[in-house]
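Protein chains in written order, with the numbering used here: chain A, 175 to 286; chain B, 22 to 132.
Here it is as structure tokens:
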């Protein structure tokens with residue numbers, strides 16, 4: 175069964191550093207998403223991406239965040255200057271349309 | 022009102038019990054509804070979609086009441102392996118891409 179893959183599984187970075195989280199969505203999917211989950215809290219929507227542009231974003235997704243689909247297979251989330259409160263699990267997901275989202279295993283980001 | 026609201030639990034039940042989870046959503050125009058399961062520190066995984074007519078998958082039954090903006094999940098004959106957090110998920114549809122997750126209901130099934 176095709177799956178969404180994310181790398182790295184764990185990223186440790188210092189406050190103020192830039193990080194790029196990588197995702198390879200399922201190949202025939204057209205809609206891509208990033209969610210985050212702070213430890214012990216709910217899964218929160220960050221951004222959705224369709225047709226090479228952001229389709230929706232949440233208030234969490236401020237100017238420090240950006241997404242890109244650089245080569246037709248990868249889908250990346252960049253955080254320009256990380257803060258302690260960015261520490262969370264980041265999940266990438268993809269879907270065909272309004273069908274269910276398929277999630278990757280997540281990247282655990284730890285900001286020190 | 023929260024966009025998607027669930028009873029946080031936890032629900033502690035013995036093996037073999039029947040347990041029901043409820044969820045309400047605020048956007049009356051929402052189109053698609055799902056139940057996901059999340060194990061500790063893992064990604065959410067689709068359990069089942071929820072259809073207007075109600076649907077069943079083995080021991081799991083999901084129902085949707087659009088008039089009340091209410092979704093339910095019933096688990097019969099609970100197994101130890103059912104222990105997890107159950108997430109109610111709502112998609113606004115109609116070109117909306119902001120699929121929203123409830124905070125989840127924690128279930129512990131004990132021997």
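Each residue gets a CB set at the ideal place from its N, CA and C atoms; glycine is no exception.
Quick caveat: nothing in here was measured; it's all calculated off a predicted structure.
Residues bridged to residue i (per DSSP)
i                      : result
residue 228 of chain A : A:223
residue 78 of chain B  : B:81
residue 210 of chain A : A:218, A:264
residue 197 of chain A : A:180, A:249
residue 58 of chain B  : B:66, B:107
residue 187 of chain A : A:285
residue 96 of chain B  : B:40, B:81
residue 240 of chain A : A:252
residue 53 of chain B  : B:112
Beta-carbon neighbours of residue i, restricted to chain B and to distances below 7 Å
i                      : result
residue 278 of chain A : 64
residue 222 of chain A : 118, 119
residue 265 of chain A : 64
Chain-ordered neighbours of residue i on chain B, where CB pairs are closer than 8 Å
i                      : result
residue 285 of chain A : The premise fails here: residue 285 of chain A is roughly 18 Å from chain B at the closest Cβ pair, so nothing lies under 8 Å.
residue 235 of chain A : Ordered by position in chain B, no residue passes the 8 Å Cβ test against residue 235 of chain A, which lies about 11 Å from the chain.
Contacts that residue i makes with chain A (C-beta to C-beta distance below 9 Å)
i                      : result
residue 125 of chain B : 216, 217
residue 70 of chain B  : 273, 274
Pair within 8 Å by beta-carbon distance, residue i and residue j
i                      : j                      : result
residue 241 of chain A : residue 223 of chain A : yes
residue 67 of chain B  : residue 274 of chain A : yes
residue 24 of chain B  : residue 130 of chain B : no
residue 81 of chain B  : residue 96 of chain B  : yes
residue 248 of chain A : residue 196 of chain A : yes
residue 182 of chain A : residue 284 of chain A : no
residue 179 of chain A : residue 278 of chain A : yes
residue 261 of chain A : residue 205 of chain A : no
residue 85 of chain B  : residue 107 of chain B : no
residue 42 of chain B  : residue 73 of chain B  : no
residue 126 of chain B : residue 54 of chain B  : no
residue 124 of chain B : residue 60 of chain B  : no
residue 250 of chain A : residue 194 of chain A : yes
Classification of residue i by the beta-carbon crowding that lies within 10 angstroms, buried from 16 upward
i                      : result
residue 276 of chain A : buried
residue 69 of chain B  : buried
residue 45 of chain B  : buried
residue 228 of chain A : exposed
residue 134 of chain B : Nothing about residue 134 of chain B can be read from this structure; chain B reaches only from 22 to 132.
residue 177 of chain A : exposed
residue 252 of chain A : exposed
residue 189 of chain A : exposed
residue 88 of chain B  : exposed
residue 267 of chain A : buried
residue 121 of chain B : buried
residue 191 of chain A : exposed
residue 216 of chain A : buried
Interface residues of chain A facing residue i [CB-CB closer than 7 Å]
i                     : result
residue 67 of chain B : 274
residue 54 of chain B : Ordered by position in chain A, no residue passes the 7 Å Cβ test against residue 54 of chain B, which lies about 10 Å from the chain.
Under 8 Å from the C-beta of residue i: neighbouring residues of chain A
i                      : result
residue 122 of chain B : 209, 216, 217, 218, 219
residue 85 of chain B  : Neighbours of residue 85 of chain B on chain A: none; closest Cβ ~15 Å, over 8 Å.
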